[in-house]
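Chemist: Chains as they are written, first to last, in the numbering used here: chain W, 7 to 407; chain U, 7 to 407; chain B, 7 to 407; chain A, 7 to 407.
Backbone N, C-alpha and C define an ideal beta-carbon position, used for all residues, glycine too.
Remember, it's a predicted structure, so these values are computed and weren't measured experimentally.
Number of protein chains: 4
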Amino acid sequence: MSTTDNQLRVGMVGYAFMGAAHSQAWRTVNRVYDLPARARMALICGRDPVKVAEAADRLGWEEHTTDWRELVARPDIDVVDICTPGDSHAEIALAALAAGKHVLCEKPLANSVAEAREMTAAAATARAGGARSMCGFNYRRVPAVALMRQLVADGRLGEIRHVRASYLQDWIVDPQFPLVWRLRKEVSGSGALGDIGAHIIDLTQYVTGQRIAGVSAVTETFVKQRPLPAESSGLAAQVDGAAATGPVTVDDAAIFIARLDGGALATYEATRFATGRKNALRVEINGSLGSVAFDLERLNELEFHDATRPAAEQGFSRILVTESEHPYLSAWWPPGHIIGYEHSFTHQMRDFIEAVATGVDPTPSFADALQVQLVLDAVVRSAELGSSWTEVEPALATVAV
Amino acid sequence: MSTTDNQLRVGMVGYAFMGAAHSQAWRTVNRVYDLPARARMALICGRDPVKVAEAADRLGWEEHTTDWRELVARPDIDVVDICTPGDSHAEIALAALAAGKHVLCEKPLANSVAEAREMTAAAATARAGGARSMCGFNYRRVPAVALMRQLVADGRLGEIRHVRASYLQDWIVDPQFPLVWRLRKEVSGSGALGDIGAHIIDLTQYVTGQRIAGVSAVTETFVKQRPLPAESSGLAAQVDGAAATGPVTVDDAAIFIARLDGGALATYEATRFATGRKNALRVEINGSLGSVAFDLERLNELEFHDATRPAAEQGFSRILVTESEHPYLSAWWPPGHIIGYEHSFTHQMRDFIEAVATGVDPTPSFADALQVQLVLDAVVRSAELGSSWTEVEPALATVAV
Amino acid sequence: MSTTDNQLRVGMVGYAFMGAAHSQAWRTVNRVYDLPARARMALICGRDPVKVAEAADRLGWEEHTTDWRELVARPDIDVVDICTPGDSHAEIALAALAAGKHVLCEKPLANSVAEAREMTAAAATARAGGARSMCGFNYRRVPAVALMRQLVADGRLGEIRHVRASYLQDWIVDPQFPLVWRLRKEVSGSGALGDIGAHIIDLTQYVTGQRIAGVSAVTETFVKQRPLPAESSGLAAQVDGAAATGPVTVDDAAIFIARLDGGALATYEATRFATGRKNALRVEINGSLGSVAFDLERLNELEFHDATRPAAEQGFSRILVTESEHPYLSAWWPPGHIIGYEHSFTHQMRDFIEAVATGVDPTPSFADALQVQLVLDAVVRSAELGSSWTEVEPALATVAV
Amino acid sequence: MSTTDNQLRVGMVGYAFMGAAHSQAWRTVNRVYDLPARARMALICGRDPVKVAEAADRLGWEEHTTDWRELVARPDIDVVDICTPGDSHAEIALAALAAGKHVLCEKPLANSVAEAREMTAAAATARAGGARSMCGFNYRRVPAVALMRQLVADGRLGEIRHVRASYLQDWIVDPQFPLVWRLRKEVSGSGALGDIGAHIIDLTQYVTGQRIAGVSAVTETFVKQRPLPAESSGLAAQVDGAAATGPVTVDDAAIFIARLDGGALATYEATRFATGRKNALRVEINGSLGSVAFDLERLNELEFHDATRPAAEQGFSRILVTESEHPYLSAWWPPGHIIGYEHSFTHQMRDFIEAVATGVDPTPSFADALQVQLVLDAVVRSAELGSSWTEVEPALATVAV
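1. With DSSP run on the structure shown, which of helix, strand or coil describes residue 391 (chain W)?
2. Suppose you measure from the CA of residue 21 (chain B) to the CA of residue 34 (chain U); what does that come to, to the nearest Å?
3. Using a Cβ-Cβ cutoff of less than 7 angstroms, which residues in the same chain neighbour residue 79 (chain A) once the five nearest sequence positions on both sides are dropped?
4. By how many angstroms is the C-alpha of residue 199 (chain U) removed from the C-alpha of residue 374 (chain U)?
5. Terminal residues of the continuous alpha helix (DSSP H) containing residue 156 (chain A)?
6. Buried or exposed: where does residue 213 (chain B) fall if 16 or more other Cβ atoms within 10 Å of its Cβ makes it buried?
7. List, in chain order, every chain A residue whose beta-carbon is nearer than 8 angstroms to that of residue 353 (chain U).
8. So that I know if they touch, is there some Cβ in chain A lying closer than 8 angstroms to that of residue 318 (chain U)?
9. Mind listing the chain W neighbours of residue 332 (chain B)? Cutoff is C-beta to C-beta under 8 angstroms, in chain order.
10. Give a yes or no on whether 8 angstroms exceeds the smallest Cβ distance from residue 66 (chain W) to chain A.
11. Nearest-angstrom Cα distance between residue 172 (chain W) and residue 210 (chain W)?
12. Using a C-beta cutoff of 8 angstroms, does residue 339 (chain A) count as contacting chain W?
13. In whole angstroms, what is the alpha-carbon distance linking residue 208 (chain A) and residue 340 (chain W)?
14. Please list the partners that residue 242 (chain W) has in chain A, where partner means a Cβ-to-Cβ separation under 8 angstroms.
15. Quick one: give me the first and last residue of the alpha helix (DSSP H) that residue 38 (chain A) is part of.
16. Is the distance from the Cβ of residue 107 (chain B) to the Cβ of residue 137 (chain B) below 8 angstroms?
17. Can you list, in chain order, the stretches of the beta strand (DSSP E) that have 3 or more residues and sit fully within the region 311-339 of chain W?
18. Residue 48 (chain U) and residue 76 (chain U): beta carbons closer than 8 angstroms?
19. Using a Cβ-Cβ cut-off of 8 angstroms, state whether residue 265 (chain B) counts as contacting chain U.
20. For the pair the region 11-31 of chain U and the region 365-384 of chain W, tell me if three or more CB-CB distances fall below 8 angstroms.
21. Does residue 150 (chain B) get closer than 8 angstroms to chain A when you measure Cβ to Cβ?
22. What are the partner residues of residue 374 (chain A), as DSSP defines its beta bridges?
23. On the DSSP bridge assignment, give the partners of residue 292 (chain W) in chain order.
24. Using a Cβ-Cβ cutoff of 9 angstroms, what residues of the region 165-176 of chain B are near chain A? List them in chain order.
25. Could you say if the region 116-126 of chain W and the region 344-355 of chain W meet the contact criterion of at least three C-beta pairs nearer than 8 angstroms?
26. Taking 8 angstroms as the CB-CB cut-off, is residue 259 (chain B) touching chain A?
27. Starting from the C-beta of residue 26 (chain B), find all residues in its chain whose C-beta is less than 6 angstroms away, skip the five residues before and the five after it, and write them out in chain order.
28. Can you tell me which of the three DSSP states residue 226 (chain U) falls into?
29. What did DSSP end up calling residue 68 (chain W) once you bin it into helix, strand or coil?
30. Hey, could you find the ends of the beta strand (DSSP E) residue 231 (chain B) is sitting in?
31. Report buried or exposed for residue 257 (chain U), applying the criterion of at least 16 other Cβ atoms within 10 angstroms of its Cβ.
32. Under three-state DSSP, which class holds residue 403 (chain W)?
33. Below 8 angstroms, how does it come out for the region 317-330 of chain A and the region 316-324 of chain U: are there three or more Cβ pairs, yes or no?
34. Does chain A have any CB closer than 8 angstroms to the CB of residue 159 (chain B)?
35. Please state whether DSSP places residue 7 (chain B) in a helix, a strand or coil.
36. Would residue 303 (chain A) count as contacting chain W if we go by Cβ distances under 8 angstroms?
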């Protein structure tokens, strides 16, 4: 592992939805940002030899392999970028860290708290040898989200009283939508909760600077049997003609109320059954001095209410977060020329490269991601115990080991 | 009690915010709608002799009194309209029903389940003698809400999966805002929960046709001591110069998750600490075939998503609910000429008058309002018991007595 | 004419759409505002004896007549409120002014500049005898519009550079919609131009404090023949079964560009063919320091952009114009409890009563309305002369006579 | 020129704002779309040797030069992509076409009608030799715009009655903003009119399928002298310390009304003085059966009103144009994962590559762009002649020469 030539040779595992998004980011980041190192798209890994070859060619990776162990073992690889389903995160990350690689792992960090703990401990160990690690909660890098964080950190909201967060999708409302891997617990760990609920847990904790202390939760699986899939891509899939069915083993939706450790009340909802909502990650935060509201379907906008202004002029301001003064944006287009979903990954790679190249720990760390995992775990336990109030286990105890 | 002359002589108790809103509605209803009876603003009652006289003169009531018992006893009064704080609802309503009057009682019906039960039983008894009763959940009569109800009833949403409801206000964010009656449990029964939470409970049950089966709740009082008030009006108030303080004995905010008896998951939030949100009663309902979304701050609009349309054309339609085809609106202005908050009361009086004059029971009944009270009670008990799952007690058992 | 008893006895001519709106305002104004005089709904006049009797009963007028000359002549009438189509404004107003009555006349003031000049001169003469006059550009009294005026007057927008105004309706898109009086030039004077274009001309001049100096215009009648109507009410109408047709003699739409005398460029559009837009009076004004935007379909909101704020926080603020600090609103409901279209008339009556009772000239005056008429005239002339640039004739010369 | 190896070797002239946007598109297009040829970023040209070398390195071009004539002359270049200011479009394009290159030229096509005519004639000549040409009106490739075009073409709007188009920016409101090349007529040809007005002219003609027949216009330069610039980049610039000033020789704003050849009325506005509006290209089109509305600041959304639906359900639907059924989007992210401004260029390159590789003429052609130029010319002439009605000269006559 070396960046003496100012290059970071990336080996990426996975080539589906996340693989495509990460590829677009690795390809773009150095073309837009002036950074101390350049990412080189060195090697892509996938299980299907034909498909991975095709992906390498299309997405622009220099080499390809079907063996992630080979990828991890190669001495010329500096960064291992894990874009697989959650069931393989731990194994790959542990191997990569053991090999001294920098690791960027997609969220959620793992499918269980135990795995996440192990990964966090391994990251701490590898850190001593110079390897950096990061979990891919990419929405932290949406400029409007970063601006929310700034406003809170600058005290513009005062004391936080309320958080309401929801992540609403609708891609499995149709009961004939097939049983893709995201609906199978053994692969994905959980359903809407871990896939999109993890995002709003991380995002709200990041923006408020507070942690969820306890929760009371309900989860539900509305459609319990689905046809087996023939093929899937991204969030789309075709049904196998044979029409065999299988059980959905994850939640379709999860809702919970929470208290944050700074005293705020919070409501959370993650669902794939919100008909008409496609990617509606919505967050509103109310403080004693102001409020912010955000919707990922309009990710270039932030609504900010400043309650210290004259009463007759107060209102939620629609800030078009496209000014050069805004986070990440001085390198992009003129004001009002909006960016898209994929840019959150480009910004993530920018911060990752800069941290690694300058010897700084990128965030969110594996420890941060473990804390999210502990919240997910508390939600699952509360739901299993009839919504009983469930405190989130502290992450620090673990890390201290 | 007689409507042989096609008049309904109304005696109203209370002259503050609700008294003014009801007066505007009684004054207007027969000028807009062609109804089988005409309301006559006969008598207004309030505790302060000077203020009630002034209110009678300003609001247009023929007579005034400081004794609600006199009002209830007067043979020429047909309808008793109760606009007082919750602590006197039961006593006045019971007396009015006993006197054979039609009763319109503001929400929440009472400050306790016990009172609500007694009132519901009394209403059933009085009903045998011809007296009708109704609880004033006025938002059912917002045209967009009535349209939501129609869409659900017509099956346009399919099977309901999600309800998310919030009622957000911010009028007591300032810790120097005084300790008005709405912040004292002995008068108001509860805080945000009963005052505005009751509205979203009733509204979502009405629109979905489903009842809340169980809840898990958290409540909070953010500001625990406040200056004593000198005077208040509506939701505004001045602080007494002496600056003595007293304890806030109600919730500032209440959040809860719920299951509806038809299988939907639901989240609820009622708060007076949502900085920048003035009267944001928001409801979104997702079903298997469509969704609706509503915001009381834009009460002339309904967003409707019809998932049976071609995929490329689907989207939430902003229906401007001002067409003559829409509920209540054929009597008002041309399309696009919007109506306001107060019209919900005019529509309520329209339905009340029509029901009474034609011998039909108006809705929501006291039994319906008791059911809301039982939900409020479950929320309070869950919050007291560490958010433990709490089933809503059935109302029918009570009514059966 | 006397207000010694603190009463203003109103005689209103017309009982259709405007008659109903004015009645609602006269009925309400003293119930909400504390004013130096009280309006008394004394006498209503209409051509059809049955209908006017019915209207008097329903709308709440004490007496009725079919002869407007009798109304004008009655010594106990203090105010003549003219709600008829434009072709009778001049005759009624001149008679009322000659009789020393205060006059409130619906907009547009007249169907021609000549009439408007004569009325303005008569108003000046009557003014010497104590009679006040006002033209009913009610949208000036929408709180958000009044707030726009305040912001401009306070210099918050700096130097005005752009005005873009449109008034979009769609009630005659259907070619089978009948030939109601609003589509006949001999009654209404013009089509969309005078009916709704007059509103945006007045509103933008009022808000900016600038006058339109010159215009270049195009008008169009898309549907040139229509069925004759059987009956109409408000903007709705039924077609006569006989299916005879007649020519539409007014514009369906008018568009024009303009220069304001303070240097701003402006675009205007008035149309009844904007499918899906019901009552979309939209105005945006850009200045060197800020901007405002307004939409009558959301009349409780004003968008205000303050360009003097820090760049990263700038954005259009959605001000919910429902605070007690906002114009006209301290007498209404708590913040966020919105008002409707009809309230603009109540506010208009409030200002009219206050002006008359305290001996002040209400605005807009007949002279102000004449100036709007001169703009309408310039638009018509430009359209007739192939869109040639047409300067607006000065109103003052006329008044000076 | 050969694409036998399935490669299109691109030579791009210019490396500023448009150069960066085009580079992002050339780099991305084959990574996302499966196309019959691959673009190769072969050669970039710019006047400053240091900056062009830096640009080549950062943006990812294989080689660089300071001599566009060399670029045009190189036999291994297949495509010449012209991203320079308008004053050099004609010379470069004529040379490239003479050399048999495919040409993609940024808009507006030229700084004068004469140049545009010559370029169009040259394109026709070169076409015979197999060279294709296209003008870069990239907004045609925004999916929501393409969807508008489809809806109109499918007859969903019926007969078009109204077009209202505005392109609002505010980047030169500050009178201290320097005199960049876009404000100098000899370089840019015109100001807001040609820069952003050209976009709304092309877009509305494209979407409606109609051409502007005649116009009446006003233009204005609000700030007539500005400091000379030290350096500029994109739309941002710094002022030279010496503070010398120079005259602004282009329009700051242009407004005009128009008739389309299909009978619609239209209003247009292009301005750089709309304080608070950053990139607000807004278009609304009303037809007899429906309407569409679009705002480039929310380019993933299209509002569609279908007037053939039941009256009680009509409303503008906010279509989130991110479905795989929508134009260009099947290759991108799952529904609701929005795209940005730059994607319009990627889509443009996709269509250009596909057309060239399959031997089809890409659109918009130079002839289409000449027609836009003729509209711009009519606007300028009308403004110079006191807004007199000015017919747009037919483009076909020219091409026929």
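Modeler: Well, looking at it:
1. In the first sequence, the residue the question calls residue 391 (chain W) occupies position 385. Note: residue 391 (chain W) maps to coil in three-state DSSP.
2. Here residue 21 (chain B) refers to the residue found at position 15 when the third sequence is read from its first residue. Here residue 34 (chain U) refers to the residue found at position 28 when the second sequence is read from its first residue. In a straight line, the C-alpha of residue 21 (chain B) is about 17 angstroms away from that of residue 34 (chain U).
3. Position 73 of the fourth sequence, counted from the start, is the residue given in the question as residue 79 (chain A). Excluding residues within five positions, the ones whose Cβ falls inside 7 angstroms are 105.
4. Position 368 of the second sequence, counted from the start, is the residue given in the question as residue 374 (chain U). Position 193 of the second sequence, counted from the start, is the residue given in the question as residue 199 (chain U). Each residue's alpha carbon lies about 17 angstroms from the other.
5. Numbered from its first residue, the fourth sequence carries residue 156 (chain A) at position 150. Start and end: 149-159.
6. The sequence position of residue 213 (chain B) within the third sequence is 207, counting from 1. It counts as buried.
7. Taking the first residue of the second sequence as 1, we reach residue 353 (chain U) at position 347. Those within 8 angstroms of residue 353 (chain U) in chain A number zero; the least Cβ separation is about 17 angstroms.
8. Walking along the second sequence from the start, residue 318 (chain U) turns up at place 312. Chain A contact via Cβ: present.
9. Numbered from 1 along the third sequence, position 326 holds the residue referred to as residue 332 (chain B). Per Cβ cutoff of 8 angstroms: 318.
10. Position 60 of the first sequence, counted from the start, is the residue given in the question as residue 66 (chain W). Judged by the 8 angstroms Cβ criterion, residue 66 (chain W) is in contact with chain A.
11. Here residue 172 (chain W) refers to the residue found at position 166 of the first sequence. Here residue 210 (chain W) refers to the residue found at position 204 of the first sequence. One C-alpha to the other measures close to 10 angstroms.
12. Taking the fourth sequence and counting its residues from 1, one reaches residue 339 (chain A) at position 333. Residue 339 (chain A) counts as touching chain W.
13. The residue labelled residue 208 (chain A) in the question sits at position 202 within the fourth sequence. The residue labelled residue 340 (chain W) in the question sits at position 334 within the first sequence. The alpha-carbon atoms of residue 208 (chain A) and residue 340 (chain W) are separated by roughly 22 angstroms.
14. Reading the first sequence from its first residue, position 236 is the one you call residue 242 (chain W). Residues of chain A passing the Cβ test: 330, 340.
15. Position 32 of the fourth sequence holds residue 38 (chain A). Segment 23-38, the alpha helix (DSSP H) holding residue 38 (chain A).
16. Taking the first residue of the third sequence as position 1, residue 107 (chain B) is located at position 101. Taking the first residue of the third sequence as position 1, residue 137 (chain B) is located at position 131. In contact: residue 107 (chain B) and residue 137 (chain B) (Cβ atoms closer than 8 angstroms).
17. 322-326
18. Locating residue 48 (chain U) in the second sequence gives position 42, counting from the first residue. Locating residue 76 (chain U) in the second sequence gives position 70, counting from the first residue. The answer is no: Cβ separation not under 8 angstroms.
19. Stepping through the third sequence from its first residue, residue 265 (chain B) is reached at position 259. Output row for residue 265 (chain B): interface = no.
20. no
21. The count along the third sequence starts at 1 and reaches residue 150 (chain B) at position 144. Chain A, which has no Cβ nearer than 8 angstroms to the Cβ of residue 150 (chain B), makes this no.
22. Numbered from its first residue, the fourth sequence carries residue 374 (chain A) at position 368. DSSP output for residue 374 (chain A) lists no bridge partner at all.
23. Stepping through the first sequence from its first residue, residue 292 (chain W) is reached at position 286. According to DSSP, residue 292 (chain W) bridges with W:168, W:297.
24. 165, 167, 168, 170, 172, 174, 176
25. no
26. Start at 1 with the first residue of the third sequence, and residue 259 (chain B) comes out as number 253. Yes, residue 259 (chain B) counts as interfacial toward chain A.
27. Locating residue 26 (chain B) in the third sequence gives position 20, where the first residue counts as 1. Taken in chain order, the list of residues that qualify is empty.
28. Locating residue 226 (chain U) in the second sequence gives position 220, where the first residue counts as 1. It is a strand residue.
29. Indexing the first sequence from 1 puts residue 68 (chain W) at position 62. Three-state result, residue 68 (chain W): coil.
30. Indexing the third sequence from 1 puts residue 231 (chain B) at position 225. Counting along the chain, the beta strand (DSSP E) containing residue 231 (chain B) begins and ends at 231-233.
31. Working through the second sequence from its first residue, we reach residue 257 (chain U) at position 251. So residue 257 (chain U) ends up on the buried side.
32. As a first step, residue 403 (chain W) is located in the first sequence; it is residue number 397 there, counting from the start. Residue placement at residue 403 (chain W) cannot be trusted, given a pLDDT of 49 that sits under 50; what the coordinates show is reported in the next sentence. Helix, per DSSP.
33. yes
34. Your numbering for residue 159 (chain B) matches position 153 in the third sequence. Not an interface residue.
35. Residue 7 (chain B) sits at position 1 when you count from the first residue of the third sequence. With a pLDDT of 41 at residue 7 (chain B), under the threshold of 50, the modelled position of this residue cannot be trusted, and the question is left open.
36. The sequence position of residue 303 (chain A) within the fourth sequence is 297, counting from 1. Yes, its Cβ sits closer than 8 angstroms to a Cβ of chain W.
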